Structures are given as C-alpha cells and as structure tokens.
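Have a look at the structure below before the remarks.
In our numbering, the protein residues as written are 2 to 514.
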C-alpha cells in the first residue's frame with residue numbers, strides 16, 4: 002500500500018512552503034488541506050498535513066501550538082499506527098517541549114522515538130522522515146552525537162529523490178555548524194575545527210544536490226552557510242566573495258537557520274568595513290529571533306561576535322570582556338548540561354530496550370509462528386475474562402485438505418498466511434485475532450458492535466483475493482460462524498456450531514448462531 006493518500010499533492014505543497022521557510026503560508030495550507038481531507042476521508046494525507054502544520058508552528062517559535070498539534074496527531078494515529086509515525090509525532094512533541102522548558106518530558110519522548118527509528122534500516126520515505134524528525138529534536142537539545150549518527154545514516158541513502166536528499170544534506174550541514182559554533186564560543190576551538198571541516202564537506206554536497214534538483218535558493222543557502230564557515234576558519238576573502246551573492250539570492254526569512262548564520266557572517270563583514278551600526282543591527286536581529294528557543298546557540302554566537310567586534314574597534318574593555326565572558330559561560334553551561342542530557346537519554350533508551358525485550362518475550366509466547374496471529378494461549382487469556390462480552394467470528398478455510406493435496410503443502414501454508422493477513426487487515430484495532438486450529442481463525446469483537454459486518458467483509462475479501470498468485474487453478478473461500486455478544490467462551494462455542502452449519506449448507510457463507 003502506498004504511504005501517500007489520493008490528495009497527497011496538498012501535503013506536498015504545504016511541505017514545500019515549510020522547507021522554503023514560508024511558515025505562516027505552510028500552516029494555512031496545512032489547515033485548509035486538513036479540513037478538506039477529513040471531509041473526504043483521506044486519512045493518510047490528513048496526518049501528513051497535521052504533522053507539517055506542527056513543524057511549521059515550531060519553526061515560527063510557536064511551541065505551545067506545535068505541542069498541541071503533536072498531541073492531536075498522536076490521537077489521530079491511535080494505537081494501531083505504524084511505529085515510525087508515532088516516532089514523528091513524539092519527535093515533534095519533544096522539540097516543542099524543549100522550547101517550553103519541559104526537558105524531562107522531551108527526553109522521554111525522544112528515547113521512545115529514537116528506539117523506534119533505530120530498530121531497523123531506513124527503507125521507506127516515512128521511516129526517513131521519522132528519522133529526520135528525531136534527529137532534529139535531538140539537535141534541539143544540543144545532543145549532537147546521536148543526532149549526527151542518524152544524519153550519517155540518512156546521508157548514505159540513495160533511494161530518495163534529489164530534493165529529499167538535499168533536505169537531509171541541508172539539515173546535516175546546519176547541525177555541524179551549530180556544533181562547531183557551540184564548541185568555539187565555549188572556548189574549545191580545537192574541538193570545533195573538525196566540525197567546521199565536516200560542515201564544508203556537507204555544504205559542498207548540498208550545493209551539488211541543489212544543482213541536481215534545480216533549486217537555486219537552496220544553492221544560495223548552502224553558499225551562505227559555507228561563507229560563515231570559511232569566515233570562522235580564517236578564509237575571509239573567499240567568505241566575502243561567497244556571502245554577498247548568496248544573501249541576494251534568497252530572502253532572509255526569520256524561520257531559517259541559514260538566515261541567522263548569514264546575519265552573523267554579514268555582521269562581521271560590516272564590522273570589518275567600519276559599518277558598526279549595521280553590524281550591531283544584524284547581531285541584534287539574531288539575538289531577538291534566537292531568544293525564543295531554550296538552546297540559544299546562534300544568539301550566544303552573535304553575542305560573542307559583538308564582543309569580538311568591540312575589542313577589534315575599541316580595544317579591550319570591561320564591557321567587551323563582560324560580553325565575551327557572558328557568551329562563553331552561557332554556552333559552557335549549555336555544553337555541560339548537554340552532557341548530562343546525553344547520559345539521561347542513554348539511560349532512558351536502555352530502560353526502554355529492556356522493557357521492550359521483556360514485552361517481546363511475552364508476546365512471542367502468545368503468537369502463532371506461521372501466521373503471526375495470536376495462538377491458543379492468547380485465546381485462553383481472553384477466555385479467562387468472564388465479565389467481558391464479545392461476539393465471536395469463527396472462520397474455517399473451505400476444503401483445505403484438497404488445497405494441500407492438489408497444490409502442495411507449501412501452497413497450503415501460503416494460503417494460511419494470506420488468510421491471516423486478510424483477517425488482520427480487515428478487523429478493528431481492538432479485535433482479538435487468533436489461529437484457532439490448523440485452518441481455523443477466530444475474531445473476538447469486544448462488545449460485539451459491528452461483528453456481523455466484519456464477518457461479511459471477511460468472506461468478501463477472501464473471495465476476491467487473487468489466489469492464482471499462489472498456484473494456478475487455486476480458489477479459496479471460507480465459511481464463517483457468528484455468535485454473541487456473550488462471554489468469550491459461550492460466544493466461541495456457539496460460533497463453532499454455526500460454522501459447522503455453514504459448511505453443511507454449502508460453504509462460502511456466514512451463519513449466525
């Protein structure tokens with residue numbers, strides 16, 4: 002099944018607005034599209050739009066609204082959603098709560114999200130998107146090491162189109178620059194150098210992909226970041242040549258990290274040219290925007306540059322020394338806090354891994370190994386709930402012995418797995434599904450609501466399945482018995498009698514007991 006809904010163009014447009022830094026327009030497009038998709042029942046596109054709305058709100062510094070949107074998305078997904086979608090929603094929730102100062106909660110969300118995206122290699126767009134979301138949330142907490150591990154995995158992918166790989170390269174480059182800047186301003190310039198070097202490699206990749214994707218603005222953003230790095234590493238001539246044309250090719254929108262990076266670089270150029278008022282205005286703009294976040298890397302970098310400019314023009318002074326010390330102490334504290342957060346994240350991930358391992362062991366004892374459905378032990382758990390009422394649907398594959406004899410046991414096993422998959426995809430999220438016998442399956446519907454419709458749909462989907470894909474001449478139907486609502490044991494016994502009646506009266510039919 003495609004991960005995209007029939008109206009995915011709406012989500013593509015909103016996402017492009019977000020990537021281009023038009024946050025307000027992305028929010029408006031997302032909300033308009035969301036109302037339409039909910040009206041026509043396109044749930045897949047609706048969840049993409051809800052997520053885009055949330056990340057655009059966060060990009061604009063509206064953390065409270067972004068947190069609410071993440072909560073709406075989690076409720077939309079429910080308990081049966083793909084794990085990577087849960088990881089995306091948790092990452093958005095974590096990133097928003099960082100900005101709201103709710104760091105402990107953010108760490109809990111991130112531990113779960115990171116565990117989900119790291120569980121297997123990235124092979125789908127949704128998994129890639131979830132991994133990026135988790136990486137950005139880790140970056141928001143200045144947890145650069147685990148964030149960059151995820152970035153490296155994404156940079157190695159070849160299946161996404163050029164624009165998607167460009168987005169990965171852009172975020173990966175900005176991460177390295179933030180990492181290097183934090184180290185440099187905290188007085189650890191020697192440790193910053195390798196990250197500036199890696200940032201140059203990533204901006205080169207970004208420029209190449211921008212050309213491949215025919216995306217001139219992203220090319221300009223890459224050159225602005227590159228100019229900042231060149232300036233910090235001493236190549237001021239090349240930085241000057243790159244910076245001016247770059248900032249003329251894209252509008253410095255507040256939502257973009259590249260805007261703050263370019264402003265700091267422009268301020269240095271202005272200061273070198275004696276234009277102190279212009280430099281001060283640029284740095285003040287960075288500090289004003291960056292103060293909306295808990296981890297103010299760019300604002301503190303701007304503060305450090307202000308101190309450097311003061312020394313450059315007026316010599317050492319108490320005021321310049323105080324500015325420089327404030328920036329250094331603040332980022333040193335952030336760095337030290339970052340290390341404790343890293344340890345806390347590792348502890349939370351380990352705790353979740355242990356809990357999931359225990360849960361997997363428990364689940365394994367309740368799962369039929371051939372079909373992946375519940376087994377008799379799982380059924381017994383439900384039968385031990387005499388106070389809960391269920392309707393029972395019992396399915397029996399018609400003439401299954403003949404399938405094995407005429408098409409072979411491998412084909413017979415394939416039929417059972419296919420029927421199990423059809424059942425699992427047809428029933429409700431809260432229904433209990435088990436393999437009851439060799440070719441029998443039971444669906445227990447809590448409360449019994451909609452059980453008859455479920456049973457009828459099951460007969461129909463089995464009847465319409467292209468069984469010839471398994472073996473030429475193969476045709477498969479099922480007989481079904483329905484009973485309840487009653488206790489699980491009573492409903493199951495009655496459904497067992499009803500399915501025998503269905504077989505006696507011609508098979509491929511439903512009988513209610």
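Here a beta-carbon is modelled for each residue, glycine too, at the ideal position from N, C-alpha and C. The structure presented is a predicted model; accordingly, all values stated were derived computationally and were not measured.
| Query | Result |
| --- | --- |
| Rounded to a whole number of angstroms, what is the C-alpha to C-alpha distance between residue 298 and residue 35? | 34 Å |
| Output needed for residue 182: all residues of its chain with C-beta closer than 8 Å, excluding positions within five of it in sequence on either side, in chain order. | 193, 233, 298, 299 and 302 |
| Please confirm whether residue 486 and residue 341 have their CB atoms less than 7 Å apart. | no |
| To the nearest angstrom, how far is it from the Cα of residue 470 to the Cα of residue 154? | 36 Å |
| Between residue 420 and residue 479, which are expected to be in contact by the criterion C-beta below 8 Å, what is the C-beta distance as a whole number of angstroms? | 7 Å |
| Might you give, ordered along the chain, the residues of its own chain that have their beta carbon closer than 8 Å to the beta carbon of residue 161, omitting 5 neighbours on each side? | 126, 129 and 169 |
| Extract the residue ranges of the alpha helix (DSSP H) inside the region 95-160, only unbroken runs of 4 or more that lie entirely within it. | 104-118, 126-141 and 145-156 |
| Between the Cα of residue 415 and the Cα atoms of 458, 441, 468 and 369, which residue gives the shortest distance? | 468 |
| Starting from the C-beta of residue 255, find all residues in its chain whose C-beta is less than 7 Å away, skip the five residues before and the five after it, and write them out in chain order. | 290 |
| Quick one, are the C-beta atoms of residue 141 and residue 96 less than 7 Å apart? | yes |
| Under the rule that 16 or more other beta-carbon atoms within 10 Å means buried, what is residue 411, buried or exposed? | exposed |
| Please name the residue in 475, 494, 49 and 306 whose C-alpha comes closest to that of residue 484. | 494 |
| Check whether the Cβ of residue 107 lies closer than 6 Å to any heavy atom of the ligand GDP, and answer yes or no. | This structure simply doesn't include the ligand GDP, nor any ligand for that matter. |
| Say whether the region 21-38 touches the region 97-111, bearing in mind that this needs 3 or more beta-carbon pairs closer than 8 Å, one atom from each stretch. | no |
| Taking Cβ positions, are residue 481 and residue 456 nearer each other than 7 Å? | yes |
| For residue 374, which residues of its own chain have a beta-carbon under 8 Å away from its beta-carbon, when the five flanking residues on both sides are left out? | 368, 421, 424, 425, 434, 435, 436 and 442 |
| For the region 262-277 against the region 234-248, are there 3 or more C-beta pairs whose distance is under 8 Å? | yes |
| Indicate whether the contact test is met: 3 or more Cβ pairs, each with one atom in the region 35-45 and one in the region 57-72, closer than 8 Å. | no |
| Taking Cβ positions, are residue 163 and residue 350 nearer each other than 7 Å? | no |
| With a threshold of 6 Å on Cβ separation, who are the neighbours of residue 185 within its own chain once the five nearest residues in sequence on each side are excluded? | 193 |
| In the DSSP assignment, find the unbroken alpha helix (DSSP H) run with residue 437 in it and report its ends. | From DSSP, residue 437 is part of no alpha helix (DSSP H) but of the beta strand (DSSP E) over 433-438. |
| Does DSSP put residue 363 in a helix, in a strand, or in coil? | For residue 363, the predicted structure reports a pLDDT of 49, less than 50, and the residue's modelled location is therefore unreliable. The matter cannot be settled from this model. |
| Taking 7 Å as the threshold (C-beta atoms), are residue 219 and residue 167 in contact? | yes |
| With a threshold of 8 Å on Cβ separation, who are the neighbours of residue 78 within its own chain once the five nearest residues in sequence on each side are excluded? | 48, 86, 87 and 90 |
| On the three-state DSSP scale, how would you describe residue 56? | helix |
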